[in-house]
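Using our numbering, you'd call the opening residue of the sequence shown number 454 and step up by one each time. Backbone N, C-alpha and C fix where the C-beta goes; we use that ideal spot for every residue, glycine too. To start, the structure itself, in structure tokens.
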Amino acid sequence: MIKFQQLNAFKAVYELGTMMAASAHIHVTQPAISRLVASLEHQLGFALFQRIRGRLVPTDKGTAFYLEVGKAFSALEHLEHSARDIAEQHHGSLHITAFPMLSNSFLPAILGRLMRETPGLKASLKSYRSEEVLRRTEIQSCDLGFADTDITSASVTAIPVWGDCVCIVPANSELAAVPCLTPADLSGVPFIRYENSDSAQQALDRELQLAGIHSLDVVEVSFASVAALLVAEGLGVAVVDPFTAQHAQLSGLNIVIRDFHPRIPYRFQILYPAFRPISELARAFVDSLFSQAEDAGIRLRYDRNDDL
Numbered sequence: 454m455i456k457f458q459q460l461n462a463f464k465a466v467y468e469l470g471t472m473m474a475a476s477a478h479i480h481v482t483q484p485a486i487s488r489l490v491a492s493l494e495h496q497l498g499f500a501l502f503q504r505i506r507g508r509l510v511p512t513d514k515g516t517a518f519y520l521e522v523g524k525a526f527s528a529l530e531h532l533e534h535s536a537r538d539i540a541e542q543h544h545g546s547l548h549i550t551a552f553p554m555l556s557n558s559f560l561p562a563i564l565g566r567l568m569r570e571t572p573g574l575k576a577s578l579k580s581y582r583s584e585e586v587l588r589r590t591e592i593q594s595c596d597l598g599f600a601d602t603d604i605t606s607a608s609v610t611a612i613p614v615w616g617d618c619v620c621i622v623p624a625n626s627e628l629a630a631v632p633c634l635t636p637a638d639l640s641g642v643p644f645i646r647y648e649n650s651d652s653a654q655q656a657l658d659r660e661l662q663l664a665g666i667h668s669l670d671v672v673e674v675s676f677a678s679v680a681a682l683l684v685a686e687g688l689g690v691a692v693v694d695p696f697t698a699q700h701a702q703l704s705g706l707n708i709v710i711r712d713f714h715p716r717i718p719y720r721f722q723i724l725y726p727a728f729r730p731i732s733e734l735a736r737a738f739v740d741s742l743f744s745q746a747e748d749a750g751i752r753l754r755y756d757r758n759d760d761l
């Protein structure tokens, strides 16, 4: 069985170029480094280095193996981060992880109100991509997560929530006078689109195709907040979630929000750690999300059989 010490020695020699440098880096004698690399080569059945003019040069197989070793060390670092997340979890407080659509727009105001109503509450709101939100909920290191993911996990209780996108246009655009936009209104209009993998963009593309409309795509973005900034610059129109649209408008961006028909749905999931009870603070936060969304005219739908 390959030992960690062997991999650590090989990685150090590969990255630093000499046995001497590797020895100083990982605090192991140079003869020990040499023995560890030699024993690893014996187990693998191929040479990891060759000597050329007195220098250690990785073989092709050595380079290929180094790439795999790098993945293993990355996994170990991932475990360290997970252990730190678990160790730092503070019970009796509220720790939220969320993907940018919500963490950058709607959730900070909800958390602010809850903290004002709950003196002494210790809370955190951290923004990650959805895959990382799911991971942190899986290891039970947060009380509540919000993510855009179809992945399921036995370690997570997930509640899907749906809503409808809106269209944002520059305030000086002729389209600003149209109360409800349709695919026909986008014909020949500079358009700011999401990546092809985005589910809302896929739904919009289908509607445009059904209507026989070819959008005039000028910029592709990953986040709705970026799309809103570009719309405010007058570069085009965009179809985004209403949370981002309202946040952009309240922030003073020069945009107008308009309904879009047919509906372009977006979805996110509310995630709870499955191995412990849902805290009252987490429930209160989710309740506030739905009530404040309704007050803002944002209609959210979810399966009433789900436990919110």
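Between the beta-carbon of residue i and the beta-carbon of residue j, is there less than 9 Å?
i      : j      : result
Phe713 : Leu587 : no
Phe518 : Leu497 : yes
Val619 : Arg754 : no
Leu509 : Thr471 : yes
Asn707 : Ala630 : no
Phe552 : Arg582 : yes
Phe696 : Met554 : yes
Glu689 : Val671 : Per the sequence shown, the amino acid found at residue 689 is Gly instead of Glu. A contact, by the Cβ cut-off of 9 Å.
Pro572 : Glu660 : no
Leu493 : Ile455 : yes
Ser675 : Leu639 : no
Phe559 : Ala746 : yes
Ala475 : Val466 : yes
Count the other CB atoms within 10 Å of the CB of residue i; is the residue buried (16 or more) or exposed (fewer)?
i      : result
Met473 : exposed
Asp694 : buried
Thr602 : buried
Ala749 : exposed
Leu734 : buried
Pro816 : The displayed coordinates of the chain run from 454 to 761. Any statement about residue 816 would go beyond what the structure contains.
Phe457 : exposed
Ile621 : buried
Ile505 : exposed
Ile751 : buried
Asp617 : buried
Leu742 : buried
His543 : A caution first: His543 carries a pLDDT of 44, below 50, which makes its placement in the model unreliable, though a value can still be read off. The residue is exposed, with fewer than 16 neighbouring Cβ atoms inside 10 Å.
Leu657 : buried
Ser626 : buried
Gln459 : buried
Phe599 : buried
Phe499 : exposed
Ser744 : exposed
Ser527 : exposed
Ser650 : exposed
Quick one, which of the options has its alpha-carbon nearest residue i's?
i      : options                           : result
Gly515 : Ile621, Glu591 and Gln503         : Gln503
Thr605 : Ala485, Asp651, Glu591 and Ser678 : Glu591
Val481 : His531, Phe499 and Asn461         : Asn461
Arg729 : Pro715, Leu597 and Gly665         : Leu597
Leu547 : Ile505, Ile563, Ile666 and Leu628 : Ile563
Tyr647 : Asp740, Tyr719, Leu469 and Glu494 : Tyr719
Arg537 : Trp615, Leu578 and Ser594         : Ser594
Ser577 : Glu570, Ser556, Glu585 and Glu584 : Ser556
Gly687 : Asp638, Ile731, Ser668 and Leu628 : Leu628
His531 : Leu742, Ala737, Glu585 and Lys575 : Glu585
Trp615 : Glu570, Ser527, Ala656 and Asp756 : Asp756
Phe738 : Glu673, Glu570 and Ala653         : Glu570
Arg736 : Thr512, Ile549, Ile479 and Ala600 : Ile549
Gln655 : Ile666, Ile717 and Leu469         : Ile717
Ala485 : Glu468, Phe463 and Gly665         : Phe463
Leu469 : His495, Pro511 and Ala491         : Pro511
Pull up the DSSP beta-bridge partners for residue i, would you.
i      : result
Cys633 : Asp712
His720 : Sequence check: residue 720 is Arg here, not His. According to DSSP, which records beta bridges pairwise, Arg720 is partnered with Trp615.
Pro643 : Leu669
Tyr725 : Thr610
Phe502 : Pro511
Val692 : Cys620
Leu578 : Ile549
Leu683 : Partner(s): none; Leu683 has no beta bridge.
Leu597 : Ile549
Arg752 : DSSP output for Arg752 lists no bridge partner at all.
Val586 : None, per the DSSP bridge assignment.
Val674 : Tyr647
* Asked: Should the segment 641 to 650 be regarded as contacting the segment 522 to 529, the criterion being three or more beta carbon pairs within less than 8 Å?
  -> Judged by Cβ distances under 8 Å, the segment 641 to 650 makes no contact with the segment 522 to 529, as fewer than three pairs qualify.
* Three or more C-beta pairs closer than 8 Å, one from the segment 717 to 725 and one from the segment 599 to 613: is that the case here? -> yes
* Are at least three pairs of beta-carbons, each pair with one atom in the segment 668 to 683 and one in the segment 696 to 708, less than 8 Å apart? -> yes
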